[in-house]
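Going by our numbering, the letters in the sequence shown line up with residues 1353 to 1486, in that order. Glycine residues also receive a C-beta, built at the ideal position from the N, C-alpha and C atoms. Here the structure is a predicted model, which means the values were calculated and not measured.
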Amino acid sequence: MNQTTNKPAVTRGKKKSKTKEIWKRMKRNKGAMLGLVILMIFALAAVFANLITPEIRVTEQDAAIRLQGPSAEHWFGTDAYGRDTFARVLYGSRISLVIGFVTAAFSLLFGGVLGAVAAFYGGQIDTVIMRIMD
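In structure tokens, the structure reads:
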């Protein structure tokens, strides 16, 4: 009973990162990719709003062109004061993106500090922090 068997050695394949797996699954989902493309277009339009439309058109008022419909000059038309609606949407979305990023940063900072305190002290402190967050 002293036989050796020639079994192939078990080798582990290269472990894929979680990010690569998520990206691979997302690329297969056409709806998710379409949503990502639309979101990126909106974000890039907000970031580069000053290159797309001059800032002067945001505050410029002209009673002669008030309440116009969409045209080549004013893509979304004009409002009751004659201001370009497209320019106002672009600059407004820029402000919304900044507010979103600042809020996410504060949430990350605040949650990280509370989590660290709860993990370090544990016990009653952890329970109180958990109940407040719930």
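Q: Could you check what DSSP says for D1478 in three-state terms: helix, strand or coil?
A: Here residue 1478 refers to the residue found at position 126 when the sequence shown is read from its first residue. Residue state, collapsed to three classes: helix.
Q: Take the Cβ of A1395 as the centre, count every other Cβ of all protein chains shown within 10 Å, and call the residue buried at 16 or more, exposed below.
A: The residue you call residue 1395 lines up with position 43 of the sequence shown. A1395 is exposed by the Cβ-count criterion.
Q) Does the Cβ of D1436 lie closer than 7 Å to at least one heavy atom of the ligand NAD? A) Looking for the ligand NAD in the displayed structure turns up nothing, as the structure carries no ligands at all.
Q. Which partner residues of T1371 appear in the DSSP bridge assignment?
A. Locating residue 1371 in the sequence shown gives position 19, counting from the first residue. T1371 is not bridged by DSSP to any residue.
Q. Under a Cβ-count criterion, where at least 16 other Cβ atoms within 10 Å of its own Cβ denotes burial, should L1419 be classed as buried or exposed?
A. Residue 1419 sits at position 67 when you count from the first residue of the sequence shown. With fewer than 16 other Cβ atoms from the protein chains shown falling within 10 Å of its own Cβ, L1419 counts as exposed.
Q: Using 10 angstroms around the beta-carbon of D1436, count the other beta-carbons present and answer buried if the total reaches 16, otherwise exposed.
A: On the sequence shown, residue 1436 is found 84 positions in, with the first residue counted as 1. So D1436 counts as buried.
Q: Take M1485 as the anchor and find which of G1475, F1472, F1462 and K1379 has the nearest alpha-carbon.
A: Position 133 of the sequence shown, counted from the start, is the residue given in the question as residue 1485. If we check each option's Cα against that of M1485, F1462 comes out closest.
Q: Spell out a yes or no on whether the segment 1430 to 1444 and the segment 1405 to 1413 are touching, meaning 3 or more CB-CB pairs, one atom from each, closer than 8 Å.
A: Touching, yes, given that three or more Cβ pairs across the two stretches are closer than 8 Å.
Q: Could you name the residues that DSSP lists as bridge partners for T1430?
A: Here residue 1430 corresponds to residue number 78 of the sequence shown, with the count starting at 1. DSSP, once it has assigned bridges, lists D1436 as partnering T1430.
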